[in-house]
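First up is the structure itself, then whatever we jot down about it.
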Amino acid sequence: MKVAVLGAGKMGMSFSQSFLKYELVKPGNLQLITRNRSKVEEVSAMFPGALVSAFDESEIEQADLVIIAVKPQDFANLASDTTLRFQENQMLLSIMAGIKIEQIQQLLHHQKVVRAMPNSPTLLGMGITGYTAAEGISFNELMSIERLLNSTGRSVYLEDENLLDGVTALSGSGPAYFYYIVDAMIKAGIKMGIDENLSKLFVKQTMLGAYHLINNSDKSLEALIKDVASKGGTTEAALRTFDDEHLKEILQKGILNAESRSKELSR
Ligand SMILES: NC(=O)c1ccc[n+]([C@@H]2O[C@H](COP(=O)([O-])OP(=O)(O)OC[C@H]3O[C@@H](n4cnc5c(N)ncnc54)[C@H](OP(=O)(O)O)[C@@H]3O)[C@@H](O)[C@H]2O)c1
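Under the working numbering, the letters of the sequence shown match residues 33 to 299, in that order.
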């Protein structure tokens, strides 16, 4: 498969690295397109054997799949470029947050669009991507895209495109919520007199261990919490404060706001 990546930024490059790592795309069949010529040398050095060029010097007619990995706010500008044309059989895979299939079809005058919402752990092949497709994309075409997405982690097909706003809010933005909580815990450690590096170590290893317990246990999250929080103990004291301050509701409210923002961006 020949793949062109429009927008060699964080996501475009991490996707490209995964495709090469799992030998789903040969370096010679990978094309990375930057906005500025100044970046071509740097990106070329990271992808030996791949074709790297600036947008105004690129031809993407040869690609079977074109991945659109520019920021949503750059999309209109990109789409307005009259030199950007697609062949009828080319597939487009958009990973832009909040831009609907219909909008992409209209602005790019092209029907074969798959829309995906990955997240940043794709950098390590540990991401999760929700995706959906326009009508008219064959099962085989979809499977060839899913194979590529799976090289960046896991992927889940969604029949209903509207659910991608929820996926954006949950897993697309999710890593940032996690960092936020980790940061609060590390700062609490520092307030209690624990050295910053040590506090980081305690918190990161706690998160890692707790994640594996969730993954390897048949118990519900409530039961796992009960296992840690004994009556009248320290964990219970913390949880009581979280409940009194409605922390769970606040987190949920934030995530629902992220979903609303995704819907708003789509409009
Ligand atoms: N980061 C995440 O966690 C995440 C998660 C889910 C989805 N996404 C989606 O992934 C997309 C990319 O995000 P990102 O974090 O990778 O952003 P990024 O690092 O800023 O990458 C976007 C790249 O697109 C380039 N670009 C802009 N216009 C272009 C054009 N006309 N031709 C060629 N290249 C162009 C930019 O060039 P310059 O370097 O010159 O600006 C930049 O390198 C976004 O649409 C975002 O919604 C990101």
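Don't be surprised by glycine CBs; every beta carbon is placed ideally from N, CA and C.
Using only the heavy atoms of ligand 1, determine whether one of them is closer than 7 Å to the beta carbon of residue i.
i	result
Leu110	yes
Phe51	no
Pro150	yes
Val188	no
Met128	yes
Met158	no
Arg67	yes
Val102	yes
By Cβ distance, which residues of its chain are closer than 7 Å to residue i, with the 5 residues on each side in sequence left out?
i	result
Pro153	Gly159, Gly185 and Pro207
Using CA atoms only, rank isn't needed, just tell me which of the options is closest to residue i.
i	options	result
Pro150	Arg117, Tyr163, His141 and Leu256	Tyr163
Glu193	Gln135, Gly157 and Thr66	Gln135
Asn68	Leu38, Arg117 and Gly60	Leu38
Met45	Ile99, Met33 and Ser90	Ile99
Leu4	Met217, Met224, Gly204 and Thr161	Outside the shown range of the chain, which is 33 to 299, sits residue 4, and nothing can be said about it.
Gly157	Lys295, Lys34, Gly264 and Tyr54	Tyr54
Leu34	Asn121, Lys71 and Gly41	The displayed chain sequence assigns Lys, not Leu, to residue 34. Measuring from the Cα of Lys34, the nearest candidate turns out to be Asn121.
Ala165	Ala148, Leu155 and Ser176	Ala148
DSSP three-state label for residue i, please.
i	result
Gln354	No information on residue 354 is available, as it lies outside the stretch 33 to 299 that the chain covers here.
Gly198	helix
Ile160	strand
Met128	coil
Ala95	coil
Val37	strand
Ala269	helix
Ala148	strand
Please list, in chain order, all residues of the same chain as residue i whose beta carbon is under 6 Å from its beta carbon, the five residues on each side excluded.
i	result
Val188	Gly162
Ala290	Ala201 and Ser205
Leu155	Ser46
Ala40	Leu64, Thr66 and Val75
Using a Cβ-Cβ cut-off of 8 Å (strictly less than) and excluding sequence neighbours within five positions of residue i, which residues of its own chain qualify?
i	result
Phe87	Leu38, Ile65, Thr66, Arg67, Leu110 and Asp113
Are three or more beta carbon pairs between the region 179-197 and the region 48-67 nearer than 8 Å?
yes
Is there contact between the region 237-251 and the region 270-278, where contact requires at least three CB pairs shorter than 8 Å?
no
Between the region 58-65 and the region 81-93, can you find at least three pairs of beta-carbon atoms closer than 8 Å?
yes
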